[in-house]
Every structure is written in C-alpha cells, then in structure tokens.
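Notes for the one structure printed next.
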Amino acid sequence: MLDITNLRKTFNARTVNEKVALAGVNLHLDDGDFVTVIGGNGAGKSTTLNAIAGVWPVDSGKIVIDGTDVTNLSEHKRAFLLGRVFQDPMTGTAASMQIEENLALAARRGQPRTLRPGITRAEREGYREKLRMLGLGLEDRMTTKVGLLSGGQRQALTLLMATLKQPKMLLLDEHTAALDPRTAAKVLEISRQIIEENHLMTMMVTHNMRDAIAYGNRLIMMHEGRIILDIRGEEKKNLTVEALLEQFARVSGDEFVNDRALLS
Amino acid sequence: MNLSTLFNAMPGAIAQGLIWGIMAIGVYITYRVLDYADLTVDGTMATGGAVCIMLMMNGVNVWIALLCSILAGMLAGLATGIFHTAMGIPPILAGILTQLSLYSINLTIMQGKANQAVSVTKFNLIVSSRYVRELSLNNPIFISLIFTAVLIAVLYWFFGREMGAALRATGANEAMSRAQGINTNFCKILGLMLSNGTVALASALFSHYQGFVDVNMGRGAIVIGLAAVIISQVIFGRFFRNFALKLAGVSLGAVIYYIVIQIVLWLGLDTNLLKLLSALIVAVFLAIPFWKSKLNSMRKGGVPRA
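Going down the list, the sequences are from chains U and H. Quick note: the first sequence, position 113, residue 113 per our numbering, numbers continuous. To convert a position in the second sequence, counted from 1, into our numbering, add 264.
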C-alpha cells in the first residue's frame, strides 16, 4: 500500500529558475496496483517517483509505503522497500562490476553490509536460474562486466536486480525510453511478467500512450505538478489514445503538446 | 657516465619503489576503486612516519608504534571524509584542507622540529637502507615485499566481502548504490580511512628506511602514487585483470617509477627539477585517455567535447 498526501516540491526556490515540480500530489495505491503515469515534459512524473525514492527531501507532505512513513528517511534507508529502474540504462547497474556481482549487491538490499562473502556459490546458481528466465543468454556470461552489455540487456538486468529481493513497490521511470522499439517491447514484456508473477505494486512512467493504456490496471495523468486524471478498472480497459487526449484537453484546458507521446 | 654507479643505485631504487608502492596501493583505493582524487595523502605520507618515529623515541615498541601510525592515517582519512560527506566540501578541496591541517599536526607531533632522526644502531628499525645491498633477512627489499604481499592479501580479502563490494559499487555508480540500499557516505569515509591507513604504513616504513622523518617528505606523494597507478595500467593493464594482480601491478609501477628516476638522475638531471619532471609525466599520461577519445570522435566525424 502507498499513501501520498499533499506532496510538494519546488526546485531552486526564490531564484529566477524557480520551478514548482510537485504542487500537492495525493495518491493512494493498493497492493498489487500497477499504475501507468503519463503527462507532458515537466509535469512531475519522474519527480513523483524520485520523491518516493527519496533522492532529495520534499518540501512538505507525507509518503507512507506499506505502513512505514518514509518521508524523512534517507534514500538508502528506504531502499529496502523499493525496486527501481531508471531511464538511462547506465544508472541502474555498476558498469565496472560483473553481472553476478551486481546481482549480489541487489540481493543484499536492506541488509547491513558485513564482512561475510560478497557472493557465495549457492547464490550463483540461483542467479543463473533467474538470468535464464530473462531469455537473453546472460546466464552464460555471469562474470562479464556489465559495461559490455547492450542497453536492453542492462535494463533487463536492472529489472531483475530491482525485484531479486522482493520490494513493496516497483518504480519504473521511463525505463524503455532509451531503447530501440523491439528491445523496448521485450523489456516491457519482461517487466509485465515479473510484476504479475510477484503481484508487485508498481508505478510506471511512460511517454508512450499506447503502452500506458495497454499495461496495468490504472492510469494517472499529471500536469503542472498535479494528478489531473485517474482512470481505473473497466474504464481503463476501454480507453483509446484519442479519448485520452480529449480528456486531457478537457481537464487541463490545454492541448497535449508532446510529439513523443503523439507519434509513438 | 659510469654504468656501475647506476647498477649500484638499483637496490636502493627498488627498495624505495616497493615502499612507495605501498603508498601507491593506498592511492589506488581512492583514485581507482572509489573514484575520488584524495590529496590528503601528501600530509599522511609524513604523519605515519612522525607518529612512528616519535613513539619509538619515547620507548614504545616498534610494532605498536607502527599500528599507531596506521590509526593516525585512518584518522586523517576520517577527517577528509567528514569534510566531504557531512560538510559538502568537494573531494579535492576536502583533501587539501586535511593536508594543510596535517602540516601543523605533523610539526606538533615532531615537537616543532622539521625532522627527527633515529639511528639504526640504537633503534629496532623494521627496514633500513643500511642493509639494502646485503643478502640477508634484514634486506629492506625482502621485508617490503612481505609487507606488500600481506597488504594485497588483506585488501583482496576485504574487497571480496559484502562491505568491500559495497565500497566498489559506491565508486562505480553512486545512484545505483543508494538505490540498492548502500550508505554511500559511509563507504566513502571507509575507503578514505583504508587508503590513508595504508599510506601512513608506507610513511612509517619509509622513515625507518631513510632513518629520519621529515615534515616535507609527503610533498607530491599523490603525484608519485598516480604515476605508479598509471604506469601499471599502461604496462600491465591488458594482462592483470584480477584485483590482487592489479594491486601488485601498482606496486611494480612504483618500482618502475623509481628505477626511471634513478636513470634520469644518472643521466645528469638536476635533482631540483625532479618534481617538475614527475608532474609533467603524470600530466601526459592522464591526458592520453582524453586525447584518445577526442581522436576517436573526430574520426567518426562527431564534434569532440571539451
């Protein structure tokens, strides 16, 4: 369960570059909810995810994940609740470390790092199995440095790392935006599988309206730091891109001007 | 120019190279593993010796004195770590602040004198240049090799543990580390302490080797450390993939550096110009990756980014 109340964040406050990124966000998610998040550039989608992850402190409001008030917890202290995949494939993995070392780091999320072995033989076998399920042949390259993998492979690995130790919530921040269409589709499909198998509460930011409609049981649209649309259930199943654009224009009094969203 | 003079100078160059190689391994921990250019070492390279020599002059057992040196070095690393993580000071400046503070602290430890000597006949020194051409267990080359081997073994063990892996991850990708629940500030401080503890060990050994500690003996240490790291990367980079081998490569890099210096001096270079030469060599080697990428992007027709 996720409860966000009246979340506010302003960047560069009291300067000429002042930018209100979150202007009072309220959101409640139930366990197992898979929400897609859309909106134009600067609408506050990634900012919301970063606020949940604790990348910086928020100005006001409250974030409760699974009964834990994380509002004032530092990023690494709330990491045990969260699995995260980022837009840039470089961000989610350590390039100079091996595939198995990256997985071993992720397997210890939420545990104190002690002087026990960084990776054990038994763990390796488990990772091999999980990598096999990705279907990318990574199970035979476990000691390869992650920096040698393609963007798609790195995103798939990051997904696996994010869910290796089951999180209370999965945050996907445009995690297929930097990939070519075929790889993006594959990574998205792997995401769906993992989310369904583990019944994970998920927020997925995307610029692709078709994906936003096709995936998940709920869709929210953000505009100028607020959630302006929240569509779920039957209504979401019957949604079309055209209907979504119409709704956006009605609610925001604005055209949805974003070439990436329209063309994709 | 007499070849035998050069030949006679070689054992000394090798012994010095090995001791400075221990220092270079400390630099490797921050510069390569943690991706943090730490200038604290210029101060720590005198602190270790100062603590060790002064304690020994006051009758403390040599091994306890050595241990205290290492702890003093770790404290210096802790100070830089706090400057950086708790006070938000950029890495290079944080190191410079500690380095400057250490100058006063080192002088205070050395009771206000710029140098303090210990005689090998009166004190039980671990290594001494006196035995550098002697074929015995007292030979500083032999003893330094043992220190290097033990140090590499300990570091190899540590970086294979959960904590060591977290430290490596922090250096490789901070955002990812925090997302995986790693306390990156703690890891940075730990890395700085490990590094400066290692440098202080080298400092203590070097003051034993030369029979005195000098408040300026750490000046330019970071440059020598970087030179060793870069030399090892250029010469052994292709073959030494294993972490322990990489550390051994750094030690060898320092030995090569001292041999080259010895040859340059033998060729008649003015000793006053030595540090200038070191700095220029390191500058050129640091530039090579940049030039390479610039050349590559020009070949591809792209615009090189400065």
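Each residue gets a CB set at the ideal place from its N, CA and C atoms; glycine is no exception. Keep in mind the model is a prediction, meaning the values are calculated, not measured.
Given a threshold of 16 other Cβ atoms within 10 Å of its Cβ, counted over all protein chains shown, does residue i qualify as buried or as exposed?
i                      : result
residue 399 of chain H : exposed
residue 34 of chain U  : buried
residue 155 of chain U : buried
residue 561 of chain H : exposed
residue 355 of chain H : buried
residue 48 of chain U  : buried
residue 312 of chain H : buried
residue 41 of chain U  : exposed
residue 111 of chain U : exposed
residue 233 of chain U : exposed
residue 56 of chain U  : exposed
residue 370 of chain H : buried
residue 166 of chain U : exposed
residue 375 of chain H : exposed
residue 37 of chain U  : buried
residue 555 of chain H : exposed
residue 472 of chain H : buried
residue 481 of chain H : buried
residue 133 of chain U : exposed
residue 251 of chain U : exposed
residue 16 of chain U  : exposed
residue 244 of chain U : buried
residue 437 of chain H : buried
Just grab the DSSP bridge partners of residue i for me.
i                      : result
residue 60 of chain U  : U:8
residue 15 of chain U  : DSSP lists no partner for residue 15 of chain U.
residue 223 of chain U : U:226
residue 91 of chain U  : DSSP output for residue 91 of chain U lists no bridge partner at all.
residue 205 of chain U : U:37 and U:173
residue 65 of chain U  : U:2 and U:68
residue 28 of chain U  : U:3
residue 145 of chain U : U:98
residue 22 of chain U  : U:9
residue 218 of chain U : U:35 and U:232
Run through chain H and tell me which residues come within less than 8 Å of residue i, C-beta to C-beta.
i                      : result
residue 92 of chain U  : 440 and 443
residue 154 of chain U : Simply none; closest approach about 11 Å.
Whose Cβ in chain U lies nearer than 8 Å to the Cβ of residue i?
i                      : result
residue 349 of chain H : Those do not exist, as residue 349 of chain H stays about 12 Å from chain U at its closest Cβ, beyond 8 Å.
residue 448 of chain H : 76
For the beta strand (DSSP E) holding residue i, just list the boundary residues, first then last.
i                      : result
residue 476 of chain H : 476-478
residue 381 of chain H : 379-381
residue 38 of chain U  : 34-39
residue 502 of chain H : No beta strand (DSSP E) contains residue 502 of chain H, which DSSP labels as neither H nor E.
residue 83 of chain U  : 82-85
Residue i lies in the alpha helix (DSSP H); which residues open and close that run?
i                      : result
residue 44 of chain U  : First-last for residue 44 of chain U: undefined, no H or E at that position.
residue 563 of chain H : 538-563
residue 118 of chain U : Taken as a continuous stretch (DSSP letters only), residue 118 of chain U belongs to no alpha helix (DSSP H), as it is neither H nor E.
residue 187 of chain U : 181-198
residue 362 of chain H : 355-373
residue 282 of chain H : 267-292
residue 408 of chain H : 404-423
residue 346 of chain H : 326-349
residue 249 of chain U : 241-252
residue 436 of chain H : 426-436
residue 446 of chain H : Where residue 446 of chain H is concerned, there is no enclosing alpha helix (DSSP H), given that its DSSP letter is neither H nor E.
residue 157 of chain U : 151-164
residue 237 of chain U : 233-237
Quick one: which chain H residues come within Cβ less than 7 Å of residue i?
i                      : result
residue 97 of chain U  : 432, 433 and 436
residue 139 of chain U : Simply none; closest approach about 21 Å.
residue 49 of chain U  : Correct list: empty, because the minimum Cβ distance to chain H is about 11 Å.
residue 101 of chain U : 429
residue 110 of chain U : 445
residue 250 of chain U : Result: empty, since nearest Cβ-Cβ is about 37 Å, beyond 7 Å.
residue 14 of chain U  : Chain H residues near residue 14 of chain U: none, gap ~20 Å exceeds 7 Å.
At 9 Å on the CB atoms, spell out the chain H contacts of residue i, in chain order.
i                      : result
residue 104 of chain U : 426 and 429
Any chance the CB of residue i is under 7 Å from a heavy atom of the ligand ZN?
i                     : result
residue 53 of chain U : Only the bare structure without any ligand can be found here, which leaves the ligand ZN out of the picture.
Residues from the segment 425-439 of chain H in contact with chain U, defined by Cβ distance under 7 Å: 425, 426, 427, 428, 429, 430, 432, 433, 436, 437 and 439
Contacting positions in the segment 115-128 of chain U - beta carbon closer than 7 Å to chain H: Listed by position, the residues of the segment 115-128 of chain U near chain H (Cβ gap below 7 Å) are 115, 116, 117 and 118.
Against chain H: residues of the segment 194-215 of chain U by CB proximity under 9 Å: none
Against chain H: residues of the segment 59-90 of chain U by CB proximity under 7 Å: Under the 7 Å Cβ criterion, the segment 59-90 of chain U contributes 75, 76, 79, 80 and 84.
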